[in-house]
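*Asks:* Could you have a look at this structure, given as structure tokens, before my questions?
2 protein chains.
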Amino acid sequence: MKSIGQTLRELRELKGLLLREVGAALSIDPTLLSKIERNDRMPTKEQVSALSEFYQDKKNEVIIAWLSDKLVYEIQDEDLALAAMKVAEQKIEYLKTHKAQ
Amino acid sequence: MKSIGQTLRELRELKGLLLREVGAALSIDPTLLSKIERNDRMPTKEQVSALSEFYQDKKNEVIIAWLSDKLVYEIQDEDLALAAMKVAEQKIEYLKTHKAQ
DNA sequence: CTTATATTTGACAAATATTGTCAAGTCAAT
DNA sequence: ATTGACTTGACAATATTTGTCAAATATAAG
Numbered sequence: 004m005k006s007i008g009q010t011l012r013e014l015r016e017l018k019g020l021l022l023r024e025v026g027a028a029l030s031i032d033p034t035l036l037s038k039i040e041r042n043d044r045m046p047t048k049e050q051v052s053a054l055s056e057f058y059q060d061k062k063n064e065v066i067i068a069w070l071s072d073k074l075v076y077e078i079q080d081e082d083l084a085l086a087a088m089k090v091a092e093q094k095i096e097y098l099k100t101h102k103a104q
Numbered sequence: 004m005k006s007i008g009q010t011l012r013e014l015r016e017l018k019g020l021l022l023r024e025v026g027a028a029l030s031i032d033p034t035l036l037s038k039i040e041r042n043d044r045m046p047t048k049e050q051v052s053a054l055s056e057f058y059q060d061k062k063n064e065v066i067i068a069w070l071s072d073k074l075v076y077e078i079q080d081e082d083l084a085l086a087a088m089k090v091a092e093q094k095i096e097y098l099k100t101h102k103a104q
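Given below as structure tokens:
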């Protein structure tokens, strides 16, 4: 249950890499990476794709941390947040079974 | 499990009101209300507040339909949508118990 | 204490996304 | 054909988000 920032930072440090190095590998400005790892900027879908590929073995972990952070961000201040989440889950499940082509 | 648009349309029709009438009561352009009821535009937080007050008895229903739609919108195309929802739920619960003043 | 390297921060620019409006269109009933 | 309710499309207006750069901070080494 880690934030996307925490997830990315831990993965990077595990590999002993610098922001500069990851940045160079993925063409992302290191200062932007810093902000992302500090949850100061949300990475874009493309950045998450690149990062999740970069940290291969933890691909899904990265994506799930990112998606869940985006969800939380959307409703964290709401009293009905949890109730809304449950309904959203049902809606997703419904869409999944009834999805178009 | 209704969309925000469907929820609002049904509530309005139950009261036998016209878009024009609800619009006048809440200072919202009727053509915008039309789009909202057709899920073509997301209402803003302020509009949802006004609308949920207007349809008093169904206040929470309106808010939950809106919040859950926003959540779904955020992740509906993702394979990991459901997994992310579960994690987001945990994060919300965590924030709820550990929330700052 | 000075230098070197890594990271962070703040302010702003740039890009994107979202919402609001208006004129014109459809549709049904009369 | 006219009227009334609603819808649609294109564009304007706003708002939000993201990216960049220079400066600040931090840490370690010499």
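In order, the protein sequences belong to chains F and Z.
Counting in my numbering, the first sequence runs from 4 upward without gaps.
Counting in my numbering, the second sequence runs from 4 upward without gaps.
For each residue, glycine too, the CB sits at the ideal point set by N, CA and C.
Would you kindly work out how many angstroms separate the C-alpha atoms of Val75/F and Gln93/F, rounded to a whole number?
*Replies:* On the first sequence, residue 75/F is found 72 positions in, with the first residue counted as 1. On the first sequence, residue 93/F is found 90 positions in, with the first residue counted as 1. Going from the Cα of Val75/F to the Cα of Gln93/F covers about 17 Å.
*Asks:* Does DSSP put Met88/F in a helix, a strand or coil?
*Replies:* Sequence index remark: in the first sequence, residue 88/F carries index 85 (1-based). If DSSP states are grouped into helix, strand and coil, Met88/F belongs with the helices.
*Asks:* In terms of alpha-carbon separation, which member of Leu70/F, Leu36/F, Glu81/F and Ala84/F lies closest to Asp80/Z?
*Replies:* Here residue 80/Z corresponds to residue number 77 of the second sequence, with the count starting at 1. Closest by alpha carbon: Leu70/F.
*Asks:* What is the residue span of the alpha helix (DSSP H) that Thr34/F lies within?
*Replies:* As a first step, residue 34/F is located in the first sequence; it is residue number 31 there, counting from the start. Pro33 to Glu40 is the extent of the alpha helix (DSSP H) around Thr34/F.
*Asks:* In the DSSP assignment, the alpha helix (DSSP H) including Arg12/Z goes from what residue to what residue?
*Replies:* Taking the first residue of the second sequence as position 1, residue 12/Z is located at position 9. Start and end: Ile7 to Leu17.
*Asks:* Ala20/F and Glu40/F look like a contact to me (Cβ under 8 Å); what is the Cβ gap, rounded to whole Å?
*Replies:* Residue 20/F sits at position 17 when you count from the first residue of the first sequence. Residue 40/F sits at position 37 when you count from the first residue of the first sequence. Here residue 20/F is Leu; the residue named in the question, Ala, does not match the sequence. Between Glu40/F and Leu20/F the Cβ distance is about 12 Å, and since that is not below 8 Å, they are no contact.
*Asks:* To the nearest angstrom, report how far apart Ala91/Z and Gly26/F are at their CA atoms.
*Replies:* Along the second sequence, read from residue 1 onward, the residue named residue 91/Z stands at position 88. Along the first sequence, read from residue 1 onward, the residue named residue 26/F stands at position 23. Roughly 28 Å between the two C-alpha positions.
*Asks:* How far does the alpha helix (DSSP H) with Tyr76/Z in it extend, from its first residue to its last?
*Replies:* Walking along the second sequence from the start, residue 76/Z turns up at place 73. Where Tyr76/Z is concerned, the enclosing alpha helix (DSSP H) stretches over Lys62 to Ile78.
*Asks:* Report the three-state DSSP secondary structure of Glu96/Z (helix, strand or coil).
*Replies:* Taking the second sequence and counting its residues from 1, one reaches residue 96/Z at position 93. In this structure, Glu96/Z counts as helix in the three-state DSSP scheme.
*Asks:* Taking Cβ-Cβ distances below 9 Å as the criterion, which residues of the stretch 5-22 of chain Z are in contact with chain F?
*Replies:* Hits within the stretch, in order: Ser6.
*Asks:* Please tell me whether Lys61/Z has its Cβ less than 8 Å away from any Cβ of chain F.
*Replies:* Here residue 61/Z is taken as the residue at index 58 of the second sequence, counted from 1. It does not; no Cβ of chain F falls within 8 Å.
*Asks:* Could you list which residues in chain Z have their beta carbon closer than 7 Å to that of Ala91/F, in chain order?
*Replies:* The residue you call residue 91/F lines up with position 88 of the first sequence. Per Cβ cutoff of 7 Å: Ser71, Leu74, Val75 and Met88.
*Asks:* Here's a check: name, in chain order, each residue in its chain whose Cβ is nearer than 8 Å to the Cβ of Leu85/F, leaving out the five neighbours to either side.
*Replies:* Walking along the first sequence from the start, residue 85/F turns up at place 82. Counting only Cβ-Cβ distances below 8 Å, and skipping sequence neighbours, we find nothing.
*Asks:* Are the CB atoms of Leu83/F and Asn63/Z nearer to each other than 8 Å?
*Replies:* Looking up residue 83/F in the first sequence gives position 80. Looking up residue 63/Z in the second sequence gives position 60. The answer is yes: Cβ separation under 8 Å.
*Asks:* Under a three-way DSSP split, which group does Glu81/F fall into?
*Replies:* Residue mapping note: residue 81/F aligns to position 78 of the first sequence, counting from 1. Reduced to three states, the DSSP call for Glu81/F is coil.
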